[in-house]
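Numbering (the working numbering), first residue to last: 1 to 328. Here a beta-carbon is modelled for each residue, glycine too, at the ideal position from N, C-alpha and C. For clarity, every value in this text was computed on a predicted model and none was experimentally measured. Written out below as structure tokens is the structure these notes cover.
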């Protein structure tokens, strides 16, 4: 039976599939098919497919029914996928163990199942894990065509921010100077370099920087990324006035580094400031902090106010995009 499919070249297939999945547009009842160098990706809502994609009718095979963890458990468990790791967030150890066993018995592909054992802690923002299945916390995560090798036991990483990272990277133009002030394993920095930017990426976590350097090699952008282990405040002297774009993804305390951001900014610079704020005024405190740090040296223009995701009851993880333009 013919069903609507997005037709894309094979080399852009995974990035397209991820984008459609993030928008909840994949038709899971039919299989993705490869024919003569093109992927046919079944979709459920043609009108919601971004206009840049070609939608065609294609006879995609019906997907064979697979056993899910929910069918084994009798309820829909909550979990998160990161590469071949499944991440649980269960307070009850017995419930977590039952979910892990159901994942193993199901057709869900997973080499490792872990349960969060602590909140994010310390200046390196790592957490403890209970490993329920498997023996490795390393994985390769694929996001919009970029491969990122990481170890959740030694670095912070959130797959939930994939769409937000893609939003920022799509704004980057070839030849830009991009400074990622809290870079982690490179989920902003590596795609920015792939977009043609010259990137400086800094992080306090030495393990994260080692993964970032590996990920630059993995994605063939070594010549466009400078990875620095250290405190960005101590690095800024070497890059004063250098940046065309600054990425400040340290939501609870990025505002404390705005003086450093102003030092790094060139005559015109876009800043992506991530923050956690109450729903009553999600962007006001961040904008006030930017003004306090940058005025009167710079004029400030708000480009976008982005609600990234719900963080806690009545609180949002947000991103404030602003342009700084140096006054003459």
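Note that the C-beta distance between residue 172 and residue 195 is below 8 Å. Sequence-distant Cβ neighbours of residue 265 in its own chain, meaning closer than 6 Å and more than five residues away, are 243, 324. Closest by C-alpha distance to residue 271, out of 259, 251, 245, 277, is 245. Under the Cβ criterion (8 Å, minimum of three pairs), the segment 131-145 does not count as touching the segment 286-299. Boundaries of the beta strand (DSSP E) around residue 116: 112-116. In the three-state reduction of the DSSP assignment, residue 147 falls in the strand class. DSSP, read as helix, strand or coil, puts residue 297 in coil.
Excluding its 5 nearest sequence neighbours in each direction, residue 269 has C-beta neighbours in its own chain below 7 Å: 243, 244, 245, 246, 324, listed in chain order. Counting along the chain, residue 105 sits inside the alpha helix (DSSP H) bounded by residues 93-105.
Following the DSSP letters along the chain, one finds residue 316 in no alpha helix (DSSP H) but inside the beta strand (DSSP E) bounded by residues 315-326. Below 8 Å, too few C-beta pairs join the segment 223-234 and the segment 154-163 to call them touching: fewer than three. DSSP, reduced to helix, strand and coil, places residue 68 outside both helices and strands of the structure shown, so it counts as coil. Assignment of residue 285 by DSSP, reduced to helix, strand and coil, places it in the helix class.
Contact between residue 145 and residue 15 holds, since their C-beta atoms are separated by about 4 Å, short of 8 Å.
Straight-line spacing of the CA atoms in residue 31 and residue 88 works out to 27 Å.
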